[in-house]
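Chemist:
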Amino acid sequence: MASFLVPFKLIFFLIFVFFHAFSSSSSITSMEAETLLKWKASLDNTTQTFLSSLWVGSSHCNWVGITCNNAGSVTNLSLAEYDLRLRGTLHHLNFLSLPNLIRLHLRNNSLYGPIPSHIGNLSKLIFLDLSYNNFSGHIPSEICLLRSLQLISLIANKISGPIPQEIGNLSTISNIYFYGNYLSGPIPASIGRLHNLYRLDLNSNRLNGFIPKQVGTLRSLYMLDLSGNSLTGPIPASIGNLSNWVYLFLYGNHLSGSIPNEIGGLKSLFMIQFSKNNLGGVIPNSIGNLTKLFSVMLDTNAISGSIPREIGMLKSLNFLLLADNSISSPIPTSIGNLTNLTTLSLSQNMFFGLIPKEVGMLKSLSQLDLSNNTFSGQIPTSIGNLSSLSEVFLGENSLSGPIPPIYNNLTNLQLSNNHLTGTLPENLCLGGVLTRLAVINNNLSGPIPSSLRNCKSLIRVRVDGNRLTGNISEVFGIYPHLNYASLSDNNFYGELSPNWGKCHNLTSLRLSNNNISGKIPFELGHATQLQELDLSSNHLVDEIPMELGALKMMTRLLLSGNQFSGKIPSEIGLLSNLEQLNLASNNLRGPIPDDLGYCSKLFNLNLSKNNLGESIPSSISYINALQSLDLSQNSFFGNIPQQFGKLQSLEILNLSHNMLNGSIPKALNDLHGLRFVNISYNQLEGPIPDLKAFHEASFNALRNNKGLCGNATGLMPCVLSSRGNHGHTKSTKLIILFVLPLFGGLLILLFIFVASFLTFCKKTPTKKSEPMEEQDGDIFTILGFNGRILHDSIIEATEDFSSDYCIGSGGYGSVYKAALPTGQVVAVKKLHQSEDSILINNLKAFESEIIALLELRHRNIVQMYGFCSHPKHSFLIYEFMERGSLRMVLSNNEQAKELDWKKRLNVVKGLANALTYMHHEHSQPIVHRDISSNNVLLDLDYEARVSDFGTARILKPDSSNWTSLAGTYGYIAPELAYTMRVDEKCDVYSFGVLTIEVLIGTHPGDLLSYLSSSASASTLPFMSNDQHVLLKDVIDKRLSPPEIEAAEGVVSTIKIAFACLNDNPQHRPTMQQVAQALSRQPLPLSSPFSTVKLGELLGHVICNG
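Reading the sequence shown from the start, the letters are residues -27 to -1, 1 to 1078 in mature numbering (1 follows the signal peptide of the UniProt record, and there is no 0).
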């Protein structure tokens, strides 16, 4: 019986276990369904509605995104494959109720909040992907309890805080993706325990500290990406242990130290990315062991030394990026072995030497970037063999010679800032795919190639700063994709083509500093995308077309330095985006249009050096953004608008050289941002504004007004004068005229007063002389100076013309340096007594001459301030020049060396411009009569200033006195030996002498004698045969021989000088022709400067144009 009961009990036990298991399983499945529904109810309404359409039916195992095992328990929760935008948190998802979950895949949703710590209950979880959501907070340490986990991905969330130290417990993990979060702190050393780790991606976080050396124990590692963090310290040498490593990304950190030599042990490495760190040292030779390398990116570090020749062993290499380092060496020739290389970028280093011809062996190369180095020599012609080459960047080097023929598939050619010569290659756009061309600042010449004219693919062209020629209307075509064209600083001529208006994508057109003539075509108004138009410094004429008002996107309109006439078109006011408008140095007339006030974004407005007139419109005050306003050298009259006080952004204000009158508006006191002001040469009076810009303004910025006062250099304090202090002496011979060009009644009043006073003096016995004082106000007070005070100040400053203050002497008097109490320093020329007596006897003529000379206003002419006559002494008052005379500079070896070729050529140009102004641009032509190195002064910037102009004319103005020989020996025109008639051509001859003196460093007496004599030249040691004398042997040897542009300038200038020395005055050029010739770009030398013979430069003819 007992034996019968045993099997029966066993069967009963099994039945009990079965029913219990069934009941438990049924309970779990019911609980899982309830858990999922409860979580769904916690999500936002839209998500609930959407899930309700997917989770249909009584069995949750049939719901979309749910997978169950055979027992009906959930093993997979995947709501990512359908790109569902779930919104809500995981807080109400009870992971404890999902004990069999193996895969949790919620990628690419809108889940937010922290990852709940109870996720650690998913003990069977193998796959966890919560990437591309909005999770925040820290990674819970409980996640490290998931001992079965093989993949965890938290990519692109907002998770912060450290990586848990316990991560080393995930012994089965093979893939960790944490990139694109806000993780901080160091990488845990415990990561070294993850021996199954295959991929570790921590990039784009905020991790700091060192890379743990334990990373060298991850022998299964295939890919490591730590880029885009703030890691510091060295790359651990332990990485050399990881022979299976294929991808190594460390870019965008702050790693330092050298690249470890052990890197050569990573035999499987396919890609190195160490860019944008602080790595130094040299590239290890062991890199040559990494023969599987596809890409090496070490750019933007501090790597020095050289490229190891072992680089040539990397036959599989496609990308070699070493840009922006401190590598200083030639390129190794072994680089020619890299026949699979597609990109070679070595820019912004210190590579030197020649570009090796072996570069031409890189048959697969599509991008070559060697820019910003110091490569020299020529571009190797072998580059033309590279049929796959599409982009070439060789700019910012010292390359010379011609541009070789380049393959037709080129899309981008950048050769700017070198010393390249010759012409642009004819086949430049033969393939019709060139989009970008930049050859800025080279010495290229010749025409634009015809292939470029028809290059419809062009997007951006920069050829500025060369000597390219051609008719601008013929060499460029219609470019439908072109958005930027800069052709400035060349020798293009002709007229602008209407075709530019058909370039409908053009945003910037720069054509400044060429020889373009004619009108602006009205069709240019059809280029409606145009934002910048720069046509400055050309020869454009006629009116500015009103059609430019259609260019609504225009921000910069620069038309200065042309010959535009007519009025400023009111349509300019339609350019609501305009930021810079420069119409300076033209012949514009009429008023400023009121509509200009609508250009509310304008911050730079320059209308200087025109013939604009009438009053300044108050509408300018509407331009709230205005920072710089220059209306100088026009004919504006009336008051400064009171509304200018609204220009709160104004920093620079120049109203000089106009006819403005009245007082300065008190509203200008509100311009607290004003940094620079110039209101000189007007008729302004009264107090200056209480602003730093006015208080610190130089005397030159306030001078020559009617009577300004205030706390500034050169001005008297604003104190009311007492009429009781003005008496009338019975006799005096003191005349103090601190003069300016006076207009209208004031000028007449001055003449009447002087004439009446002299008549009175002739009839009154002479008593002890005293400075004259007026009865009814001081009519000689100009620019805030009182005549008597000025006279006394000069006497005091020079200690009654003590020799201690004498800085020079000439035929008409001695020059003294005087420091006035105002702080201004002036030069005072005290006339000899013999010249003073001539003045007294010719006072009427003197008055007209002094008025004429005081109207001379030019940057290259020393300004005359005034004149003082007294029985004891008479003197002229001039602007003081810091560096003294040109003769003094040339006679001092140190100063002569400082005056280099560029400065010397600029001195000649300045002198030519001054004489052009005197001869041709002044209302009455004025002949200097004494051009010499003594009478040319230099300011601190070595700008030339003509001085003593017209002194002889002031003293001997009538025609009979012109029969006396005037001028300095050695500079006098030869025709004055047989005719005493002086005209402008005498100045031209003197200019020629002085120009040669500037270039050879001493007066060219022997050279002039040789040129004017038919006798044997044997007396000249350096000119036994002028046909064989080299120019380099004649010019100033204290300077190094001139190079390139300077050499061309010297040759061109000395040709012009010889033309000015023609014995026949009629065959000499005018100073206007000389100035125009000097302003043109010199022609390239046909032979090296060292071989130029003096005889080749004679007989040069200067033509108009």
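Even for Gly, the Cβ is constructed at its ideal location relative to N, Cα and C.
1. I'd like to check one pair, V436 with V412: are the Cβ atoms closer than 8 Å?
2. Which residues mark the beginning and the end of the beta strand (DSSP E) in which L804 is found?
3. Mind checking who Q187 pairs with in its DSSP beta bridge?
4. With distance defined between alpha-carbon atoms, name the residue in I300, S279, I308 and R282 nearest to N291.
5. Nearest by alpha-carbon distance to L441: which of N472, I164, N486 and A14 is it?
6. If you compare alpha carbons, which of N381, Y85 and G237 is closest to G61?
7. Using the C-alpha atoms, what's the distance from I625 back to S446?
8. Helix, strand or coil for R120 per DSSP?
9. Are there 16 or more other CB atoms within 10 angstroms of the CB of G611, so buried, or fewer, so exposed?
10. Give me the Cβ distance between K582 and Q600, rounded to the nearest whole Å; I'm assuming they're in contact under 8 Å.
11. So S109 packs on K131, CB below 8 Å; how close in whole Å?
12. Any idea if V692 is buried or exposed, counting beta-carbon neighbours within 10 angstroms, 16 or more meaning buried?
13. Given that a residue counts as buried once 16 or more other Cβ atoms are within 10 Å of its Cβ, and exposed if not, what is V1023?
14. My guess is that G498 and E516 are in contact by the Cβ rule of under 8 Å, so how many angstroms apart are they, rounded?
15. Based on DSSP bridge pairs, tell me the residues matched to I245.
16. Can you list, in chain order, the residues of its chain with a C-beta nearer than 6 Å to that of S259? Leave out the 5 residues immediately preceding and following it.
17. At what residues does the alpha helix (DSSP H) containing S26 begin and finish?
18. What does a CB cutoff of less than 6 Å around H111 pick up in its chain, not counting 5 residues either side in sequence?
19. Are M244 and S268 close, meaning C-beta to C-beta below 8 Å?
20. Can you tell which of E948, N907 and N879 has its C-alpha closest to the C-alpha of D914?
21. Select from V971, E916, S177 and Y171 the residue whose C-alpha is nearest the C-alpha of T1026.
22. Taking 7 Å as the limit between beta carbons, can you name the residues of its chain near Q797, skipping five residues before and five after?
23. Comparing alpha-carbon positions, which option in P1055, Y962, P542 and L1070 lies nearest F495?
24. Looking only at C-alpha atoms, which of D765, I432, K802 and T795 sits nearest to C779?
25. Compare the Cα-Cα distances from S622 to each of G522, F576 and S363 and report the closest residue.
26. What is the DSSP secondary structure of F1062, reduced to helix, strand or coil?
27. Under a CB-based cut-off of 8 Å, is L675 close to chain C?
28. Just the Cα atoms here: how many angstroms apart are A869 and G285?
29. What are the partner residues of H227, as DSSP defines its beta bridges?
30. Can you grab the Cα-Cα spacing for the pair M689 / L681, in whole Å?
31. Quick test of the definition: if touching needs 3 or more C-beta pairs under 8 Å, does the stretch 39 to 54 touch the stretch 65 to 84?
32. Please report the distance separating the alpha-carbon of P1038 from that of L829.
33. For C572 versus S549, is the C-beta distance shorter than 8 Å?
34. When you compare each of V788, D903 and P87 to F848 by their alpha carbons, which one comes out closest?
35. Under the assumption that G522 contacts E544 (Cβ atoms under 8 Å), give the Cβ distance between them as a whole number of angstroms.
36. Using the C-alpha atoms, what's the distance from L311 back to I356?
Modeler: In brief:
1. Position 439 of the sequence shown, counting from 1, holds the residue named residue 412. Position 463 of the sequence shown, counting from 1, holds the residue named residue 436. Yes, the pair counts as a contact, with Cβ atoms nearer than the cut-off.
2. Along the sequence shown, one-based indexing puts residue 804 at 831. Bounds of the beta strand (DSSP E) holding L804 are V798 to L804.
3. Within the sequence shown, the letter at position 214 stands for residue 187. Beta-bridge pairing links Q187 to no other residue.
4. The residue labelled residue 291 in the question sits at position 318 within the sequence shown. Answer by Cα proximity: I308.
5. Within the sequence shown, numbered from 1, the residue matching residue 441 stands at position 468. Closest by alpha carbon: N486.
6. The residue labelled residue 61 in the question sits at position 88 within the sequence shown. Checked all of N381, Y85 and G237; the closest Cα to G61 is Y85.
7. Locating residue 446 in the sequence shown gives position 473, counting from the first residue. Locating residue 625 in the sequence shown gives position 652, counting from the first residue. About 38 Å.
8. Looking up residue 120 in the sequence shown gives position 147. Reduced to three states, the DSSP call for R120 is coil.
9. Counted from its first residue, the sequence shown places residue 611 at position 638. The residue is exposed, with fewer than 16 neighbouring Cβ atoms inside 10 Å.
10. The sequence position of residue 582 within the sequence shown is 609, counting from 1. The sequence position of residue 600 within the sequence shown is 627, counting from 1. In this structure K582 does not touch Q600 by the C-beta definition: roughly 20 Å separates them, more than the 8 Å allowed.
11. Here residue 109 refers to the residue found at position 136 of the sequence shown. Here residue 131 refers to the residue found at position 158 of the sequence shown. Yes, they are in contact, since the Cβ atoms of S109 and K131 sit about 4 Å apart, within 8 Å.
12. For the purposes of this step, residue 692 is identified with residue 719 of the sequence shown, where counting begins at 1. Classification for V692: exposed.
13. If you number the sequence shown from 1, residue 1023 lands on position 1050. By the 10 Å Cβ count, V1023 comes out buried.
14. By 1-based counting over the sequence shown, the position of residue 498 is 525. By 1-based counting over the sequence shown, the position of residue 516 is 543. Wrong, their Cβ atoms sit about 14 Å apart, outside the cutoff.
15. Within the sequence shown, the letter at position 272 stands for residue 245. Answer by DSSP bridge pairing, in chain order: L221 and V269.
16. For the purposes of this step, residue 259 is taken as residue 286 along the sequence shown, with counting starting at 1. Result list for S259: N234 and G237, in chain order.
17. As a working note, residue 26 is residue 53 in the sequence shown. Note, S26: alpha helix (DSSP H), N18 to L27.
18. For this step, residue 111 is matched to residue 138 along the sequence shown. Within the same chain, H111 has close Cβ partners G134.
19. Residue numbering aside, residue 244 sits at position 271 when the sequence shown is read from its first letter. Residue numbering aside, residue 268 sits at position 295 when the sequence shown is read from its first letter. In this structure, M244 lies near S268, with their beta-carbon atoms less than 8 Å apart.
20. Numbered from 1 along the sequence shown, position 941 holds the residue referred to as residue 914. Distance from the Cα of D914 is smallest, within the candidate group E948, N907 and N879, for N879.
21. As a first step, residue 1026 must be located in the sequence shown, where it is residue number 1053. Here the closest residue by C-alpha is V971.
22. Here residue 797 is taken as the residue at index 824 of the sequence shown, counted from 1. Excluding the 5 residues flanking it on each side, Q797 has same chain C-beta neighbours closer than 7 Å at F672, T686 and G687, in chain order.
23. Within the sequence shown, residue 495 is the residue found at index 522, counting from 1. Nearest C-alpha to F495: P542.
24. For the purposes of this step, residue 779 is taken as residue 806 along the sequence shown, with counting starting at 1. Of the residues D765, I432, K802 and T795, the one whose Cα lies closest to the Cα of C779 is K802.
25. On the sequence shown, position 649 is the one that residue 622 refers to. Ranking the options by Cα distance to S622, first place goes to F576.
26. For the purposes of this step, residue 1062 is identified with residue 1089 of the sequence shown, where counting begins at 1. Helix, per DSSP.
27. Looking at the structure shown, chain C is missing, and only one protein chain is on hand.
28. On the sequence shown, residue 869 is found 896 positions in, with the first residue counted as 1. On the sequence shown, residue 285 is found 312 positions in, with the first residue counted as 1. Cα to Cα, A869 sits roughly 53 Å from G285.
29. Here residue 227 corresponds to residue number 254 of the sequence shown, with the count starting at 1. Looking at the DSSP assignment, H227 forms a beta bridge with T205.
30. Within the sequence shown, numbered from 1, the residue matching residue 689 stands at position 716. Within the sequence shown, numbered from 1, the residue matching residue 681 stands at position 708. The straight-line gap from Cα to Cα measures roughly 8 Å.
31. The answer is yes - the stretch 65 to 84 touches the stretch 39 to 54, with three or more Cβ pairs under 8 Å.
32. Counted from its first residue, the sequence shown places residue 1038 at position 1065. Counted from its first residue, the sequence shown places residue 829 at position 856. Cα-Cα distance, rounded: 26 Å.
33. Position 599 of the sequence shown, counted from the start, is the residue given in the question as residue 572. Position 576 of the sequence shown, counted from the start, is the residue given in the question as residue 549. Cβ distance < 8 Å, so C572 and S549 count as in contact.
34. In the sequence shown, residue 848 corresponds to position 875, counting from 1. The option with the nearest alpha carbon to F848 is V788.
35. As a first step, residue 522 must be located in the sequence shown, where it is residue number 549. As a first step, residue 544 must be located in the sequence shown, where it is residue number 571. In this structure G522 touches E544 by the C-beta definition: roughly 3 Å separates them, less than 8 Å.
36. Here residue 356 refers to the residue found at position 383 when the sequence shown is read from its first residue. Here residue 311 refers to the residue found at position 338 when the sequence shown is read from its first residue. Using only the alpha carbons, I get a separation of about 15 Å.
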